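Residue numbers (the working numbering): 26 to 163.
All C-beta atoms, glycine included, are put in the ideal place defined by N, C-alpha and C.
Please read these numbers as outputs of a predicted model, since none were measured by experiment.
Structure first, commentary second.
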Amino acid sequence: MNTRRQVRQLAMQVLFAFDANQKDSPDIARQVAKDSMIEDTLQNEAVSWAREAWKAHEQSDVWVTRLSPQWPTPRQPGVDRALLRLCVWELTHRDTPPKVVIDEAIEISREYSTENSPAFLNGVLDAVLKEITAAKGV
Numbered sequence: 026m027n028t029r030r031q032v033r034q035l036a037m038q039v040l041f042a043f044d045a046n047q048k049d050s051p052d053i054a055r056q057v058a059k060d061s062m063i064e065d066t067l068q069n070e071a072v073s074w075a076r077e078a079w080k081a082h083e084q085s086d087v088w089v090t091r092l093s094p095q096w097p098t099p100r101q102p103g104v105d106r107a108l109l110r111l112c113v114w115e116l117t118h119r120d121t122p123p124k125v126v127i128d129e130a131i132e133i134s135r136e137y138s139t140e141n142s143p144a145f146l147n148g149v150l151d152a153v154l155k156e157i158t159a160a161k162g163v
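Below, the structure written as structure tokens:
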């Protein structure tokens, strides 16, 4: 497995734990990271990504709910919610190619979420990307 996917998977797991506890907690992040089987530098990067995505989760949730009103944030499976938060943050704060961000979310959801999750995530993230692209005037 590539290291970027390991970082994304762990970041998603940390975000899931933050969501379950309704807070960003260094202790929670440390525990989730400790239970992972990836090296320390990747753990640190994943926790950093999760903490940054958590800081922006309210804005991400509003955006995603607007784009998928039939599936507002509280109705989404927890893994999907964590992946959406992570991906919206990554699409808006990092230089990762958008296709990579979306493809990685789909692949991670295949392993960790429901059978409907890949299509749901693809649709929502594609809509987010279209809005980002339009805002940039590309």
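Can you give me the C-alpha to C-alpha distance between SER50 and VAL57, rounded to a whole angstrom? In the sequence shown, the residue the question calls residue 50 occupies position 25. In the sequence shown, the residue the question calls residue 57 occupies position 32. Looking at the backbone, the Cα of SER50 and that of VAL57 are separated by about 11 Å.
Is the segment 59–70 touching the segment 92–99, taking contact as three or more C-beta pairs under 8 Å? Between the segment 59–70 and the segment 92–99 there are fewer than three C-beta pairs closer than 8 Å, too few to call the two in contact.
Closest by CA to GLU136, which one among ASN27, THR28, GLN34 and ARG29? As a working mapping, residue 136 is identified with position 111 in the sequence shown. The residue with the shortest Cα to Cα distance from GLU136 is GLN34.
For ASP49, the three-state DSSP class (helix, strand or coil): Within the sequence shown, numbered from 1, the residue matching residue 49 stands at position 24. Looking at ASP49 - three-state DSSP - the assignment turns out to be coil, as it is neither helix nor strand.
Rounding to the nearest angstrom, what Cα-Cα distance links GLY148 and GLU83 in this structure? Within the sequence shown, residue 148 is the residue found at index 123, counting from 1. Within the sequence shown, residue 83 is the residue found at index 58, counting from 1. Taking C-alpha positions only, GLY148 is separated from GLU83 by approximately 20 Å.
Would you report the Cα separation of ALA42 and PRO102, rounded to the nearest angstrom? Numbered from its first residue, the sequence shown carries residue 42 at position 17. Numbered from its first residue, the sequence shown carries residue 102 at position 77. When rounded, the distance between both Cα atoms is 13 Å.
Taking only the alpha-carbon atoms, compute the straight-line gap between PRO122 and LYS59 and give it to the nearest angstrom. Here the question's residue 122 lines up with position 97 in the sequence shown. Here the question's residue 59 lines up with position 34 in the sequence shown. Take the alpha-carbon of PRO122 and the one of LYS59: they are about 29 Å apart.
At the level of alpha carbons, what is the spacing between LYS124 and ILE131? Position 99 of the sequence shown, counted from the first residue, corresponds to residue 124. Position 106 of the sequence shown, counted from the first residue, corresponds to residue 131. Whole-angstrom Cα-Cα distance: 11 Å.
Does the Cβ-Cβ distance between LEU154 and LEU108 come in under 8 Å? Counting from 1 along the sequence shown, the entry for residue 154 is found at position 129. Counting from 1 along the sequence shown, the entry for residue 108 is found at position 83. Judged by their CB atoms, LEU154 and LEU108 are not nearer to each other than the 8 Å cut-off.
Rounded to a whole number of angstroms, what is the C-alpha to C-alpha distance between ALA81 and GLN47? Reading the sequence shown from its first residue, position 56 is the one you call residue 81. Reading the sequence shown from its first residue, position 22 is the one you call residue 47. A direct Cα-to-Cα measurement between ALA81 and GLN47 gives close to 13 Å.
Within the same chain, show all residues whose beta-carbon is closer than 6 Å to that of TRP74, passing over the 5 residues directly before and after it, in chain order. In the sequence shown, residue 74 corresponds to position 49, counting from 1. For TRP74, where only same-chain residues beyond five positions count, the Cβ hits under 6 Å are ALA36.
Within the continuous alpha helix (DSSP H) that includes GLU115, where are the two ends? Taking the first residue of the sequence shown as 1, we reach residue 115 at position 90. First-last of the alpha helix (DSSP H) with GLU115: 103–118.
Can you grab the Cα-Cα spacing for the pair ARG55 / GLN38, in whole Å? Stepping through the sequence shown from its first residue, residue 55 is reached at position 30. Stepping through the sequence shown from its first residue, residue 38 is reached at position 13. Using only the alpha carbons, I get a separation of about 11 Å.
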